[in-house]
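Counted the way full-length UniProt numbering counts, the sequence shown spans residues 1 to 630.
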Amino acid sequence: MALLQQLRQLQLIRPLDLQFGRFIRDEERQDNPDSHSSEQLALLAVLVSLQLGRGEVCLPLDNCATLTESWPVSLREHAKGLLGDLSAEHLLSFAVISDGQNETPLVYNNGRLYLYRYWHYETQVARRIQTLTQPVTFDRVAIDTISTALQRLFNASAAGETDWQQVAVAVALSRRFSVISGGPGTGKTTTVARLLCLYAELFSARQGRAPLIRLAAPTGKAAARLSESLGRAQQGLPVTEAVRAMLPDQAVTLHRLLGSRPDSKNFRHNRDNPLHLDLLVVDEASMIDLPMIYRLLDALPEHAQLVMIGDRDQLASVEAGSVLGDICAWQQQEGSSELCYSPVQLSYLQQVCSLSTPPSAAGNNPVADALALLRKSYRFDEHSGIGQLARAVNRGEAEAAVRLFSENWQDIGFVPLSEDGYQQMVAEVASGYSDYLKRMQGGEPPQQLLQAFNQIQLLAVVRQGVYGVEGLNQAIEAQLQRQNLISVTGAWYAGRPVMISRNDYQLGLYNGDIGITVADPDGKLRVWFELPDGSMKGVLPGRLPKHETVYAMTVHKSQGSEFETVVMILPAEETPLLTRELIYTGITRAKAKFVLHATTDALMKGSHRRTERASGLSWRLWRSPGTYGC
Numbered sequence: 001m002a003l004l005q006q007l008r009q010l011q012l013i014r015p016l017d018l019q020f021g022r023f024i025r026d027e028e029r030q031d032n033p034d035s036h037s038s039e040q041l042a043l044l045a046v047l048v049s050l051q052l053g054r055g056e057v058c059l060p061l062d063n064c065a066t067l068t069e070s071w072p073v074s075l076r077e078h079a080k081g082l083l084g085d086l087s088a089e090h091l092l093s094f095a096v097i098s099d100g101q102n103e104t105p106l107v108y109n110n111g112r113l114y115l116y117r118y119w120h121y122e123t124q125v126a127r128r129i130q131t132l133t134q135p136v137t138f139d140r141v142a143i144d145t146i147s148t149a150l151q152r153l154f155n156a157s158a159a160g161e162t163d164w165q166q167v168a169v170a171v172a173l174s175r176r177f178s179v180i181s182g183g184p185g186t187g188k189t190t191t192v193a194r195l196l197c198l199y200a201e202l203f204s205a206r207q208g209r210a211p212l213i214r215l216a217a218p219t220g221k222a223a224a225r226l227s228e229s230l231g232r233a234q235q236g237l238p239v240t241e242a243v244r245a246m247l248p249d250q251a252v253t254l255h256r257l258l259g260s261r262p263d264s265k266n267f268r269h270n271r272d273n274p275l276h277l278d279l280l281v282v283d284e285a286s287m288i289d290l291p292m293i294y295r296l297l298d299a300l301p302e303h304a305q306l307v308m309i310g311d312r313d314q315l316a317s318v319e320a321g322s323v324l325g326d327i328c329a330w331q332q333q334e335g336s337s338e339l340c341y342s343p344v345q346l347s348y349l350q351q352v353c354s355l356s357t358p359p360s361a362a363g364n365n366p367v368a369d370a371l372a373l374l375r376k377s378y379r380f381d382e383h384s385g386i387g388q389l390a391r392a393v394n395r396g397e398a399e400a401a402v403r404l405f406s407e408n409w410q411d412i413g414f415v416p417l418s419e420d421g422y423q424q425m426v427a428e429v430a431s432g433y434s435d436y437l438k439r440m441q442g443g444e445p446p447q448q449l450l451q452a453f454n455q456i457q458l459l460a461v462v463r464q465g466v467y468g469v470e471g472l473n474q475a476i477e478a479q480l481q482r483q484n485l486i487s488v489t490g491a492w493y494a495g496r497p498v499m500i501s502r503n504d505y506q507l508g509l510y511n512g513d514i515g516i517t518v519a520d521p522d523g524k525l526r527v528w529f530e531l532p533d534g535s536m537k538g539v540l541p542g543r544l545p546k547h548e549t550v551y552a553m554t555v556h557k558s559q560g561s562e563f564e565t566v567v568m569i570l571p572a573e574e575t576p577l578l579t580r581e582l583i584y585t586g587i588t589r590a591k592a593k594f595v596l597h598a599t600t601d602a603l604m605k606g607s608h609r610r611t612e613r614a615s616g617l618s619w620r621l622w623r624s625p626g627t628y629g630c
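Structure below.
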């Protein structure tokens with residue numbers, strides 16, 4: 001174990017990784033005292049644990065050399081010698097490793113090594129999705145009803161133009177599991193509003209009762225945004241009052257939907273106690289990790305439909321997995337960004353939609369038939385610098401992204417990273433936050449203060465250092481105090497914005513929720529949060545779960561939120577966190593203005609670097625039909 005101890009001393013692995021390696025070694029020795037490869041096994045266990053801590057579901061055994069390339073030469077060579085024989089026959093000779101048929105701590109499958117729990121999650125999710133993506137059967141009457149309703153709910157498309165929102169609704173109706181993916185401004189909410197109306201009409205006509213429809217999102221803020229935006233999108237739709245009464249008006253967090261239990265990872269709803277619903281729509285699906293999608297699918301009733309909404313190009317979840325990206329992995333599998341529907345699905349779509357340029361009918365995978373891609377942005381057109389920049393970064397066109405900043409776009413800006421530029425950025429962001437603080441001094445209510453606070457947001461890539469969240473929060477706090485907008489006499493002060501970083505189910509506050517600290521008339525401080533139903537909740541600071549000041553937040557934490565103005569700062573130091581998906585996510589949080597503080601080199605390197613998370617889910621979903629989940 002000398003190798004692992006040295007790795008820990010150099011902080012190349014975590015204490016948890018070291019302890020897991022020792023545990024696996026000891027378990028093997030108990031079951032197999034004659035094992036001569038305990039050091040190799042311990043190292044493999046450490047690497048599996050290390051991968052999981054980085055959000056990777058498994059350890060691809062052909063990638064071990066990449067994981068050790070940053071280690072000192074002597075340790076790297078030692079590891080290389082230990083990892084010489086990684087054949088299936090050798091690995092499955094260990095008592096603690098199986099092919100999944102027996103419950104062992106580790107599972108070897110298709111060149112990957114998993115913790116048993118994550119192998120179980122992955123295989124069960126793949127099997128469930130395969131089952132749910134089998135087609136729903138429509139008779140001629142239903143086809144005609146869907147076609148007529150789509151024409152009524154959607155405006156006629158321009159000649160020669162396919163309405164991809166209409167296609168997305170038709171796809172969602174045709175499967176019990178579906179995904180609608182689209183970038184900012186492509187009309188995901190508009191699409192969902194019309195989907196709910198048409199689903200309610202069809203269901204009530206066929207079943208003779210109103211459907212039970214639920215809306216959910218990973219965070220409280222995302223749930224509140226979904227409730228608000230859907231409420232606006234449903235106004236004026238050509239539906240009867242009876243149908244309108246069937247539509248849900250509030251979204252909840254996934255934890256609340258599933259029935260979270262204090263001090264337990266288990267939920268009240270599961271396969272034995274399924275959710276009570278007919279249709280579930282989940283927004284911000286890119287934020288959902290593998291354990292959560294497993295629990296969601298496990299609690300879904302056999303008859304129900306699940307529609308996931310999100311942007312496949314955004315950052316993956318903070319925790320393990322890249323679920324939305326894996327489900328939408330047709331690009332890597334088919335070698336094209338175009339989605340290939342099966343002939344049967346394409347025939348159905350042509351009957352109910354106006355397809356001027358129909359997708360290819362070369363596909364034969366039921367997962368592809370359950371996917372819809374919204375392609376037209378109604379927020380960012382050719383006159384939008386934000387839209388042009390997001391597209392360039394998303395395509396990995398780094399030179400084009402850099403060039404856009406030198407053109408005469410009014411809604412994007414670039415400031416080279418420097419000491420002067422840093423101070424300018426702190427002053428400008430502090431000036432942006434001055435509005436909500438002046439409103440607070442004027443006695444405006446907490447809800448309006450939160451709305452004013454959300455006009456601007458500073459995003460960072462890392463947590464530590466002057467370019468990280470912690471340093472930026474300190475700098476902005478000091479700037480606001482110099483301007484006499486806040487009075488920092490301790491940890492708590494009027495005007496302090498905080499973000500919850502740990503769920504508190506009893507208080508109804510969840511990771512990512514943002515609140516503003518306001519003094520009562522008697523001077524007592526309370527932190528006010530807007531709940532998903534639009535109501536406000538005031539909490540004494542001492543009662544809050546784990547939290548942090550949030551003048552600046554990481555790009556990861558900004559997912560599910562939008563701000564009028566976004567200022568993003570990229571660190572000067574090289575970091576693997578800086579990827580195309582991260583930069584794209586930061587850009588697309590901005591509705592009206594985006595300003596980037598960075599070096600040109602950081603922007604170029606980040607735009608070229610893709611996030612690749614180790615997982616077998618896309619392989620299970622996208623290989624030949626009939627072999628899923630094995």
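All C-beta atoms, glycine included, are put in the ideal place defined by N, C-alpha and C.
Where the beta strand (DSSP E) through residue i begins and ends
| i | result |
| --- | --- |
| Met568 | 563-569 |
| Ser181 | 177-182 |
| Glu530 | 525-530 |
| Ala553 | Rather than Ala, the amino acid found at residue 553 in this sequence is Met. Looking at the DSSP string, the run of the beta strand (DSSP E) that includes Met553 is 552-554. |
| Val252 | 251-253 |
| Phe267 | Element bounds for Phe267: n/a, residue is neither H nor E. |
Where residue i falls, given that 16 or more other Cβ within 10 Å makes a residue buried
| i | result |
| --- | --- |
| Thr588 | buried |
| Val46 | buried |
| residue 633 | Nothing can be reported for residue 633, as the shown portion of the chain is limited to 1 through 630. |
| Ser406 | exposed |
| Val169 | buried |
| Gly443 | exposed |
| Gln506 | exposed |
| Tyr467 | buried |
| Thr137 | exposed |
N- and C-terminal bounds of the alpha helix (DSSP H) containing residue i
| i | result |
| --- | --- |
| Asn121 | Checking the sequence, you will find Tyr at residue 121 rather than Asn. Residues 116-132. |
| Arg140 | 140-153 |
| Glu228 | 220-234 |
| Val192 | 188-207 |
| Asn394 | 385-394 |
Given residue i as reference, the closest of the options once Cα atoms are compared
| i | options | result |
| --- | --- | --- |
| Leu113 | Leu92, Leu540, Val252 | Leu92 |
| Val344 | Thr575, Val239, Gln134 | Gln134 |
| Ser264 | Asp17, Asn503, Ile516, Leu570 | Asn503 |
| Gly220 | His547, Trp528, Asp513 | Asp513 |
| residue 635 | Ala233, Ala242, Arg295, Glu228 | Lying outside 1 to 630, the shown extent of the chain, residue 635 is not represented and no answer is given. |
| Ser174 | Met287, Leu349, Leu106, Val107 | Leu349 |
| Val242 | Gln235, Arg543, Ala210 | The question names Val, but residue 242 is Ala in the sequence shown. Ala242 has its Cα closest to that of Ala210, out of Gln235, Arg543, Ala210. |
| Gln176 | Glu573, Val281, Leu153 | For the sequence presented, residue 176 should be read as Arg rather than Gln. For Arg176, the nearest C-alpha among the options comes from Val281. |
| Leu10 | Leu59, Pro72, Leu43 | Pro72 |
| Gly385 | Leu450, Ala205, Lys593 | Lys593 |
| Thr186 | Asp522, Val352, Tyr378 | Tyr378 |
| Val461 | Ala552, His383, Arg375 | Ala552 |
DSSP state of residue i mapped onto helix, strand, coil
| i | result |
| --- | --- |
| Asp17 | helix |
| Ser336 | Because the pLDDT of Ser336 is 48, which lies under 50, any placement of that residue in the model is unreliable, and the number read from its coordinates should be weighed accordingly. Reduced to three states, the DSSP call for Ser336 is coil. |
| Gln331 | Residue confidence for Gln331 is low, a pLDDT of 47 falling below 50, so the modelled location carries little weight and cannot support an answer. |
| Lys593 | strand |
| Phe453 | helix |
| Glu548 | strand |
| Asn473 | helix |
| Lys537 | strand |
| Val73 | helix |
| Ala95 | coil |
| Asp313 | coil |
| Gln559 | coil |
| Asn63 | helix |
| Val307 | strand |
| Pro135 | strand |
| Pro105 | coil |
| Thr600 | helix |
| Thr579 | coil |
| residue 639 | Nothing can be reported for residue 639, as the shown portion of the chain is limited to 1 through 630. |
| Pro343 | helix |
| Arg112 | strand |
*Counting pairs of beta carbons, one from the segment 103-122 and one from the segment 69-77, are three or more of them closer than 8 Å?*
no
*Would you call the segment 305-323 and the segment 276-295 in contact, with 3 or more CB pairs under 8 Å?*
yes
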